[in-house]
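Line by line, the protein sequences are chains Z and E. Start counting the first sequence at 756; every next residue gets the next number (this note's numbering). Start counting the second sequence at 337; every next residue gets the next number (this note's numbering). Every residue gets a Cβ at the ideal spot worked out from N, C-alpha and C, and that includes glycine. A short worksheet on the structure shown next.
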Amino acid sequence: MQIIFEKRESVSRQAVILVPIVSFLVSLLFGAILLALSGANPFITYGAMFSGAFGTWNRFTETLVKAIPLMLTGLGVSIAFRMRFWNIGAEGQLTLGGVAAAGVALYLSQGLPGWLVLLLCILAGCIAGAIWAGVPAILKAYLKVDETLTTLMLNYVAILFSEQLYYVSWRAPGYNSGTAPFPETAWLPRIAGRAHIGLFFAIILAGILWFVFNRTRWGFELKIIGENQTAARYLGIDIERNIVLAILLSGAISGLAGASEVLGIARRLQQGLSVGYGYTAIIVAWMAQLNPIVILFVGILMAALLVGGDQIQMKMRLPAAVGLVLQGMILIPMLAGSIFTEYHIRIIRPQKTGVEAEA
Amino acid sequence: MKRKFWSVLSLVVILGLVLTGCGGGAAPDGGGSADEPYKVALVYIGPPGDLGWTYEHDRGRKAVEEKFGDTVETTYIENVEEGPDSARVMRQYAQEGYDMIFATSFGYMDHMYEVAQEFPDVKFEHCSGFKTLDNMATYFGRIYQPRYLSGIVAGKMTQNNNIGYVAAFPIPEVIRGINAFTLGVRSVNPDAEVHVVWTNTWYDPVIEREAAVALLDGGADIIAQHQDTTEPQKAAQERGAMSIGYDSDMRAFVGDTVLTSPIWNWGSYYINTIQAGKDGKWETHQFWGGLKEGVVELAEMSPKVPQDVRDLVAAAEKEILDGNDVFCGPITAQDGSVFVAEGQCMSDGDMLGMSVFVEGVVGTIPED
């Protein structure tokens, strides 16, 4: 017997709707089995998780706090993924964006008008993210250096650099880590609870990206590059230039995520900036099938899973590890589900009377 | 079309989640009445299974449960990052009517300070920090006292006068511990040196182990530490070296190569503090107890430690209990200058701000 995956020529509408729903149900079922084995009632646990993420206004704002960096980095990597440029470096781009914003807030803000400080901080974050993504982009475009490795490795450089700053060079006296708090002029305004206007950045950017991807020549060029580089070249598209430009944009948006995280939440550079948003962003982007508008919602869903995960400890009294395993079990079927929308599965049975069957 | 369907679908899913969340799980928020148990929550940086720092706090929590039975309800959350996530967790406990919240790592300080101001009726207790409010107190212990005693053991037991020390952060708490340990070492062995490696983490089993291995590669035959787990002790044992544990009696988990450990005893502090909270007598404070209060002590020694060393330790312990504390002069600093002059003792304030090594420490404190 042989199992063959055949790429579907066109994706049916039913599959697009049904597969994610079925995947989600399968996810919950897998999770429920794990919970039952851990001795927790799955219904009560899921109820506690939903309530933990959405149950009160305050909890919903905390879910948004987590969702904002996921939305932004998700949007960032989605640009790269459209061109089949595997930018695994959103974490580093986010971290450096936070570092640059912190540097401006702490050391370059004296004597400047308040509105300019915040603007410069955000701009610095975007530029830092863009530079950090730009290096692998140039290496890829002109020297064909594999970007998966360069973007991944640069994450570690960025994270260790930021640690050097908040553990040593920029550390505030009396603290084991963390810089001094930023001046108030560098605080990103909050909307509700700790949720800040980074949410608007994400919504506006999603709208712009949707327009760029679907309604502009450049968006079309990126799509062609991703689907068929040879064709793109025949069409006269400057592939190298487009790769670099798109990845600079991708990095800038991740840098913006880092900047708004430090300016809006911690308001100092400290531990807890690089907690995996840039990696989760990859899952967000793929679950949303790279659609910018859907990324916003998937960002909230992922954030809910993270925030709701606290309840596994706080309400169900299960160890933290169960929460992490549960989150993994919920994600795998949702990602695997996309195989069924993109591919047919054909099972070929050996023929009963054939010569080969005898052999 | 495909994209549109995705958007609509996501919206439906999210709305569904919001609605079920709101309808189903609304937990009863708000304060307790007289016959309800006093509710206590602890926020941990690692898991109780670290067998070190968090293990000891959780042992304290269990002592509370045993003492108060049904009249006190305790809960905890483990593996909470020292960043903004900790504020969310503490805020939720406060909103759910917990009466007292303990946060057991230094880096939670500012986040607890922020949350405490929003909930004046909830008592907040922060371990090892320096910020207080009317409803936020600090608590810690003079672990430097048993560290000094453990230094005596290390100083007598080292064969080559090369002792390694795996240290978390270059902050006063850790520097104080290294200095006290080194003073203990040099009190019985003026030729021995204490080599320090910084890890920049409280809890990271892999990094803690790597730092210990680096020190062992450098020839250390005893490994001391200021970390949360038993990994440095295990690394030493695998290389045939001895070690001095920390936090808990690590000999129980690793074996007799752990000569002894300066350890925490949080149970009595937690019981007294929660009793005060229950009785309405809790007031803000800065608790810093030592050997005398029983919040710190030296764990029972390994059979490998001979009687004459035990006698030296017992004598030194008696001296400390008699009031001749560890940081009483004359003490020389690492650079040869006077650290504490003869006939003087360091004040608590100076000890809490300690930022220079004493003579005998090999290592540097990173400059800001």
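For the segment 426-439 of chain E, residues whose beta-carbon sits nearer than 9 Å to a beta-carbon of chain Z comprise R427, Q428, Y429, Q431 and E432. Within the segment 921-943 of chain Z, the residues whose Cβ lies closer than 9 Å to any Cβ of chain E are, in chain order, Y922, V923, S924, W925, R926, A927, P928, G929, Y930, N931, S932, G933 and P936.
Here DSSP, grouped into helix, strand and coil, assigns N498(E) to strand. Of all alpha-carbon atoms in V524(E), D553(E) and Q563(E), the one lying nearest the alpha-carbon of I543(E) is that of Q563(E). With 16 or more other CB atoms across the displayed protein chains lying within 10 angstroms of its CB, W389(E) is buried.
Neighbours of G962(Z) in chain E, taken as residues at a C-beta separation under 8 Å, are lacking, since the least C-beta distance is about 12 Å. Per DSSP, Y391(E) lies in no beta strand (DSSP E) segment; the continuous alpha helix (DSSP H) that holds it begins and ends at W389 to F404. Per the coordinates, the alpha-carbon of G405(E) lies some 30 Å from the alpha-carbon of P598(E). DSSP places A1043(Z) in the coil class of the three-state scheme, outside both helix and strand. Linking A1043(Z) to G933(Z) through their CA atoms gives a straight-line distance of about 35 Å. By the CB criterion at 8 Å, M436(E) and M472(E) fall outside the cutoff. If only uninterrupted beta strand (DSSP E) runs of at least 3 residues are considered, those enclosed by the segment 411-440 of chain E are 436-439.
Here the alpha carbons of H1099(Z) and Y434(E) stand approximately 54 Å from one another.
Pairing L827(Z) with A957(Z) gives a Cβ-Cβ distance under 8 Å. A straight-line Cα-Cα distance of about 46 Å links L904(Z) and A490(E). Take the alpha-carbon of G385(E) and the one of Q561(E): they are about 18 Å apart. At a C-beta separation below 7 Å, I992(Z) has no neighbours in chain E, since its nearest C-beta there lies roughly 23 Å away.
Membership of P824(Z) in the alpha helix (DSSP H) is indicated by the continuous run W812 to R837. Excluding residues up to 5 positions away in sequence, A808, A1058, A1059 and V1062 lie with their Cβ nearer than 6 Å to the Cβ of T818(Z) in the same chain. Below the 8 Å Cβ cutoff, chain Z contributes M1069 and R1072 as neighbours of T411(E), in chain order. Across the set Y911(Z), W812(Z), L920(Z) and T940(Z), the C-alpha of Y911(Z) shows the shortest separation from the C-alpha of V1030(Z).
With 16 or more neighbouring CB atoms inside 10 Å of its own CB, T565(E) falls in the buried class. The three-state reading of DSSP puts G1027(Z) in coil, since its state is none of H, G, I, E or B.
For I479(E), the closest Cβ of chain Z is not nearer than 8 Å. Listed along chain E are E417, E418, G419, P420, D421, S422 and G443, each with a C-beta nearer than 9 Å to that of G1027(Z).
Note that the C-beta distance between L861(Z) and W965(Z) is not below 8 Å. Taking C-beta separations shorter than 7 Å and ignoring five residues to either side along the sequence, the partners of A1040(Z) in its chain run G829, V832, S833, F836 and I1050, following chain order. By the neighbour-count criterion, in which 16 or more other beta carbons inside 10 Å mark a residue as buried, L1004(Z) falls on the buried side. DSSP places I843(Z) outside any alpha helix (DSSP H), giving it a letter other than H or E.
The beta-bridge partner set that DSSP reports for K899(Z) is empty. Just so you know, the alpha carbons of I979(Z) and D901(Z) end up roughly 20 Å apart. Taking 8 Å as the cut-off, the Cβ atoms of Y484(E) and H531(E) do not count as close. Here the alpha carbons of A650(E) and V521(E) stand approximately 15 Å from one another. Looking only at G419(E), E629(E), I413(E) and S441(E), the smallest Cα-Cα distance to Q428(E) is reached by I413(E). The shortest CA-to-CA distance from I1020(Z) to any of R424(E), V416(E) and Y374(E) is the one to R424(E). With the rule of 3 Cβ pairs closer than 8 Å, the segment 1074-1094 of chain Z does not count as touching the segment 983-1003 of chain Z.
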